[in-house]
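Numbered by our numbering, the letters in the sequence shown go through residues 41 to 357 in order. Idealized CB from N, CA, C, for every residue including glycine.
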Amino acid sequence: MSASPRSTARARPWRARLTGTRGWQAAKETLVACFRYRVTGLAAEAAFFTVLSLPPLIFGLAGLIGFVASAFDVGEVASFQKQVLLVAGRVLTTDVVDGILAPTLQTVLSQGSAAVVSIGFLVALWSGSRAVNVFVDTITIMYGLAGRRGFVQQRLLSFVFYLVLMVISVVLVPLVLAGPSLVNRVLPARLEFLGALYWPVVLLVGGLFLAGVYNRSIPLRSRWRSGLPGAALSLLIWVLGSVLLRVVLGASSGSTTIYGPLSAPIAVLIWLYVMSLAVLVGAAFNAAADDVWPRLTGIDHREEDRDVQSADTRPEI
């Protein structure tokens with residue numbers, strides 16, 4: 041008498057049952073894509089160009105915030121400036137904060153409306169979008185779709201992403217620096233429980249923006265939700281990596297380091313590397329999810345097939 045299929049499935053080792061699931065297949069394809077496209081090298085490239093784009097990014101962001109800050113009370117603007125310098129002091133030296141960042145921030149916040157309309161600000165926007173351009177390029181590589189979008193089209197797309205990021209940051213950066221205490225002060229006493237939703241909402245907004253970046257970075261049509269799995273994984277990796285990095289840097293802060301005054305910039309570079317790695321691993325997971333759950337992503341591969349067919353039918357010279 042032969043065994044029933046149910047008893048046979050129970051008799052299979054747990055490892056065989058695990059490797060046969062779609063989740064395992066997606067994880068395996070994600071790992072394969074990370075090795076195939078050298079995710080560590082691409083993350084280092086993205087982190088490097090992000091460091092180069094930090095000065096114009098900070099200038100542009102501070103200019104926009106200064107433009108908005110003109111509608112607020114002077115005391116609130118001073119409090120915001122103090123919070124920015126306090127956060128910057130955790131990763132930069134005192135000389136840099138007091139000698140460069142503080143005067144620049146004071147000037148930009150007090151003259152934000154003039155800075156926004158200046159030619160220098162427009163140049164800063166274009167220069168700051170280089171980092172976004174690198175992320176769009178590397179995300180496309182992780183999807184296996186490199187070279188399917190023209191340079192000008194990709195550069196303009198990166199510039200649009202950068203503008204959207206700046207607008208979102210104008211709202212999120214003051215809220216993040218103010219923390220849940222701002223929500224508790226604004227809300228009435230009976231709605232104080234909403235303060236517990238502060239950080240989840242901030243992460244949700246960041247995740248939705250990242251999902252949109254994933255969705256629009258690939259040169260194929262797809263559903264907007266196609267970027268959600270990778271965005272969730274990216275946020276998880278970024279949060280865990282940031283906590284681990286903070287613990288490691290906190291443990292080594294009291295000891296003598298061979299890097300000396302370069303310790304703070306190196307710490308920023310490592311943090312940006314962790315962020316870049318998280319974004320690219322999320323892109324690889326989205327590409328794997330498209331193979332395992334094609335109905336979820338809805339990526340239209342017919343456009344890719346048309347590109348291949350047009351390349352095959354192109355006459356040889």
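*Local conformation of LEU273 per DSSP, three classes*: In the structure shown, LEU273 adopts helical secondary structure according to DSSP, grouped into three states.
_Can you tell me whether ILE310 is helix, strand or coil according to DSSP?_
In the structure shown, ILE310 sits in a helix (DSSP, three-state: H, G or I).
*Write down the C-beta distance between PHE201 and VAL253 rounded to the nearest angstrom, noting that I regard them as a contact closer than 8 Å.*
Indeed they touch by this definition, with Cβ atoms about 6 Å apart.
*Between VAL287 and MET315, what straight-line distance do the alpha-carbon atoms span, to the nearest angstrom?*
Here the C-alpha atom of VAL287 lies approximately 16 Å from the C-alpha atom of MET315.
*Just how far apart, CA to CA, sit VAL321 and CYS74?*
Straight-line Cα distance between these residues: approximately 7 Å.
*Rounded to whole angstroms, how far is the Cβ of VAL326 from the Cβ of PRO269, which I believe are closer than 8 Å?*
Here residue 326 turns out to be Asn, not Val, going by the sequence shown. Taking a contact as a CB-CB distance under 8 Å, the pair ASN326 and PRO269 counts as one, their CB atoms being some 6 Å apart.
*Between the region 166-176 and the region 190-204, do at least 3 Cβ pairs fall closer than 8 Å?*
Short answer: they touch.
*asked:* To the nearest angstrom, how far is the alpha carbon of LEU289 from that of ARG261?
replied: When rounded, the distance between both Cα atoms is 42 Å.
*If you check the beta carbons only, do ALA66 and ALA272 fall under 7 Å apart?*
Taking 7 Å as the Cβ cut-off, ALA66 and ALA272 do not qualify as a contacting pair.
*Excluding sequence positions up to five away, which residues of its chain have a Cβ less than 7 Å from the Cβ of GLN349?*
Confidence at GLN349 is low in this model, with a pLDDT of 44, below 50, so the placement of that residue should be treated as unreliable; the coordinate-derived value is given next. Answer for GLN349: no residue qualifies.
_I need the straight-line Cα distance from ILE310 to GLY187, nearest angstrom please._
The alpha-carbon atoms of ILE310 and GLY187 are separated by roughly 28 Å.
*In the DSSP assignment, find the unbroken alpha helix (DSSP H) run with TRP62 in it and report its ends.*
As written in the sequence, residue 62 is Arg, which differs from the Trp given in the question. Residues 62-76.
*Where does THR61 land, buried or exposed, given buried means 16+ other C-beta within 10 angstroms?*
Burial call: exposed.
_Neighbour-count burial assignment, TRP264, 16 or more Cβ in a 10 Å radius_ = Label assigned to TRP264: exposed.
*Which same chain residues, not among the five before or five after THR353, have their C-beta less than 7 Å away from its C-beta?*
With a pLDDT of only 42 at THR353, under 50, the local geometry of the prediction cannot be trusted, and no value is derived from it.
*Could you tell me which of VAL308, ARG189, THR178, GLY168 sits nearest to MET206, measuring between CA atoms?*
Scanning VAL308, ARG189, THR178, GLY168 for the CA closest to the CA of MET206 turns up GLY168.
*Starting from TRP239, follow the alpha helix (DSSP H) in both directions and report where the run begins and ends.*
According to the DSSP assignment, TRP239 belongs to the alpha helix (DSSP H) that extends over 238-257.
*So, using beta-carbon positions, are SER257 and VAL319 closer together than 7 Å?*
The answer is no: Cβ separation not under 7 Å.
*Please work out which residues of its chain come closer than 6 Å, Cβ to Cβ, to VAL79, disregarding the five sequence neighbours upstream and downstream, and give them in chain order.*
For VAL79, same chain residues with a beta-carbon under 6 Å away, outside a window of 5 residues either side, are LEU320 in chain order.
_Can you find the residues in the same chain that come closer than 7 Å, C-beta to C-beta, to LEU312, ignoring five residues on each side of it along the sequence?_
For LEU312, same chain residues with a beta-carbon under 7 Å away, outside a window of 5 residues either side, are ALA87, THR90, VAL91 in chain order.
*Is DSSP giving LEU260 helix, strand or coil here?*
Of the three classes helix, strand and coil, the one that applies to LEU260 here is coil, per DSSP.
_Reference THR178, options GLU69, PHE249, ARG76, TRP278, closest by Cα_ = If we check each option's Cα against that of THR178, ARG76 comes out closest.
*ASP330: which of LEU276, LEU97, ALA307, SER266 sits nearest, CA to CA?*
Its Cα nearest to that of ASP330, the residue SER266 stands out among LEU276, LEU97, ALA307, SER266.
*Does DSSP put TYR202 in a helix, in a strand, or in coil?*
Three-state result, TYR202: helix.
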